[in-house]
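Novice:
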Amino acid sequence: MKKNAWWCSAGLSALALSLALAGCDGGAGEGGGDSGPGDPAPARDKVTKMIEELDRICREQTVYMVGPEKGARLAELVRAHEPSVVVECGTALGYSGLWIARELEKLGKGRLISIELDADRARQAREHFEQAGLSSRVEVRTGDARELVRKIREEVDFLFLDCNYSNYEPCYSGIEDRLKDGALLVADNAGIGAVGMQDYLDRVRSRHESETEWFEIDLPWGKRDAMEVTIFRKAAR
Ligand SMILES: C[S@@+](CC[C@H](N)C(=O)[O-])C[C@H]1O[C@@H](n2cnc3c(N)ncnc32)[C@H](O)[C@@H]1O
């Protein structure tokens, strides 16, 4: 698997550097070989196998997922931020959710609420989390994320947007009240989908500290893309 190492190189902004520091350990999140408080090694190996299996299935069936480079970065961000509640809009088969939930399990805290419109995908994702031994960390909710985020009552400290570009702004607006000060917002496809999510990008870039992180990726449907990583500040709303 190709390592996503660019953010450990020189020339990073203060935001990228502060977010990256806890993750600059040589990519321990990828192989799953190290031990952590809430996750014995055998359980992690099951997750790694499931991630690799889903990687293969998604490529074969053209189920758009983040891929290993962005998946590893997501994991690093979770590790650095230590969130209690992560919300993902756009579960698909659970690929990115596995990268996130594995880190939560390693941290021994936190849970993921992942929302998927397609009932059959949501069902498959639940099975994948179950098989990976991570179902206690993840709740997959079926429905339109633009509506379901409004029903989340708890405070959220990590939001991952990956559910059709035009939905990013309504998902963000729907959950903004429950974002903790300092919450991390990560928006996938900020490179290839920038035009479609322009309203969202304008909003976070104009009010919060926000970075566009570029990735060389190796997916059948793309070779270069970005994620927008934002630190949400309540005072800047
Ligand atoms: C790019 S895929 C998500 C990939 C996933 N995050 C991963 O990396 O494994 C986008 C998913 O969003 C779902 N979706 C589209 N519109 C949605 C909405 N309004 N609410 C919830 N999910 C939606 C699609 O059905 C699709 O499965």
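So in the numbering used here, spot 64 of the sequence shown is number 61, and the numbers just go up one at a time. We treat Cβ as the ideally placed atom computed from N, Cα and C, and that holds for glycine.
Tell me whether the stretch 200 to 211 and the stretch 144 to 163 touch, counting them as touching only if at least three CB pairs, one residue from each stretch, are closer than 8 Å.
Specialist: no
Novice: If distances are taken between C-alpha atoms only, which option among Thr88, Asp42 and Ala232 comes closest to Leu156?
Specialist: Counting from one through the sequence shown, the residue named residue 156 turns up at place 159. Of Thr88, Asp42 and Ala232, the residue nearest in Cα terms is Thr88.
Novice: Sort Asp178, Ala233, Asp154 and Glu73 by Cα distance to Leu109 and report the nearest one.
Specialist: Along the sequence shown, one-based indexing puts residue 109 at 112. Measuring from the Cα of Leu109, the nearest candidate turns out to be Asp154.
Novice: Are the stretch 168 to 179 and the stretch 119 to 132 in contact at 8 Å, needing three or more beta carbon pairs?
Specialist: no
Novice: DSSP on Cys86, reduced to helix/strand/coil?
Specialist: As a working note, residue 86 is residue 89 in the sequence shown. If DSSP states are grouped into helix, strand and coil, Cys86 belongs with the strands.
Novice: Could you give the uninterrupted runs of the beta strand (DSSP E) lying entirely in the stretch 194 to 221, keeping only those of 3 residues or more?
Specialist: 206 to 216
Novice: Bridge partners for Ile112 per DSSP, in chain order?
Specialist: If you number the sequence shown from 1, residue 112 lands on position 115. Cys86 and Arg138.
Novice: Which residue's Cα is closest to the Cα of Phe212: Ile97, Asp141 and Gly188?
Specialist: Translated into positions along the sequence shown, residue 212 becomes position 215. It is Gly188 whose Cα lies nearest to the Cα of Phe212.
Novice: Is Ile189 near ligand 1, judged by its Cβ being under 6 Å from some heavy atom?
Specialist: Within the sequence shown, the letter at position 192 stands for residue 189. No - ligand 1 has no heavy atom lying nearer than 6 Å to the Cβ of Ile189.
Novice: Under a Cβ-count criterion, where at least 16 other Cβ atoms within 10 Å of its own Cβ denotes burial, should Arg143 be classed as buried or exposed?
Specialist: In the sequence shown, the residue the question calls residue 143 occupies position 146. Burial call: buried.
Novice: Cα separation between Glu100 and Ala72?
Specialist: Here residue 100 refers to the residue found at position 103 of the sequence shown. Here residue 72 refers to the residue found at position 75 of the sequence shown. Approximately 6 Å between the Cα atoms of the pair.
Novice: Write down the C-beta distance between Leu158 and Cys86 rounded to the nearest angstrom, noting that I regard them as a contact closer than 8 Å.
Specialist: As a working note, residue 158 is residue 161 in the sequence shown. As a working note, residue 86 is residue 89 in the sequence shown. The pair is a contact, with the Cβ atoms about 5 Å apart (cut-off 8 Å).
Novice: Do Tyr197 and ligand 1 come close, with the Cβ less than 6 Å from some heavy atom?
Specialist: As a position in the sequence shown, residue 197 is number 200, starting the count at 1. No, the Cβ of Tyr197 stays beyond 6 Å of every heavy atom of ligand 1.
Novice: By Cβ distance, which residues of its chain are closer than 6 Å to Ile48, with the 5 residues on each side in sequence left out?
Specialist: Numbered from its first residue, the sequence shown carries residue 48 at position 51. Taken in chain order, the residues that qualify are Leu95.
Novice: Could you check whether Arg134 and Ala98 sit closer than 7 Å to each other, using their CB atoms as the reference points?
Specialist: Position 101 of the sequence shown, counted from the first residue, corresponds to residue 98. Position 137 of the sequence shown, counted from the first residue, corresponds to residue 134. Closer than 7 Å, so yes.
Novice: Using three-state DSSP, classify Glu225 as helix, strand or coil.
Specialist: Taking the sequence shown and counting its residues from 1, the one referred to as residue 225 is at position 228. DSSP places Glu225 in strand when its eight states are reduced to three.
Novice: Of the residues Ala233, Leu51, Val60 and Cys55, which one's Cα is nearest the Cα of Ile177?
Specialist: Within the sequence shown, residue 177 is the residue found at index 180, counting from 1. At residue 177 the sequence reads Lys, which differs from the Ile that was named. The residue with the shortest Cα to Cα distance from Lys177 is Ala233.
Novice: Spell out the partners DSSP gives Leu156 in its beta bridges.
Specialist: Position 159 of the sequence shown, counted from the start, is the residue given in the question as residue 156. Bridge partners of Leu156: Val84 and Leu182.
Novice: Give the single residue among Val44, Gly105 and Leu216 whose Cα lies nearest to the Cα of Glu57.
Specialist: Sequence index remark: in the sequence shown, residue 57 carries index 60 (1-based). Of the candidates Val44, Gly105 and Leu216, the residue whose Cα lies closest to the Cα of Glu57 is Leu216.
Novice: Closer than 6 Å: is that where the CB of Gly171 sits relative to any heavy atom of ligand 1?
Specialist: What you label residue 171 is simply residue 174 of the sequence shown in a count that begins at 1. Result no, Cβ not under 6 Å from ligand 1.
Novice: Contact defined as beta carbons within less than 8 Å: I believe Leu90 pairs with Val60. What is the distance between those atoms, to the nearest angstrom?
Specialist: Taking the sequence shown and counting its residues from 1, the one referred to as residue 90 is at position 93. Taking the sequence shown and counting its residues from 1, the one referred to as residue 60 is at position 63. Indeed they touch by this definition, with Cβ atoms about 6 Å apart.
Novice: Rounding to the nearest angstrom, what Cα-Cα distance links Gly219 and Val63 in this structure?
Specialist: Stepping through the sequence shown from its first residue, residue 219 is reached at position 222. Stepping through the sequence shown from its first residue, residue 63 is reached at position 66. Those two C-alpha atoms are separated by around 11 Å.
Novice: Just to confirm, does Tyr61 get its C-beta within under 6 Å of one of the non-hydrogen atoms of ligand 1?
Specialist: Position 64 of the sequence shown holds residue 61. Result yes, Cβ under 6 Å from ligand 1.
Novice: Using the Cα positions of Glu238 and Glu127, report the straight-line distance between them to the nearest angstrom.
Specialist: Lying outside -2 to 234, the shown extent of the chain, residue 238 is not represented and no answer is given.
Novice: As a quick exercise: from Tyr92, Glu102 and Gly130, pick the residue whose alpha carbon is nearest that of Arg118.
Specialist: One-based indexing of the sequence shown puts residue 118 at position 121. Nearest option by C-alpha distance: Tyr92.
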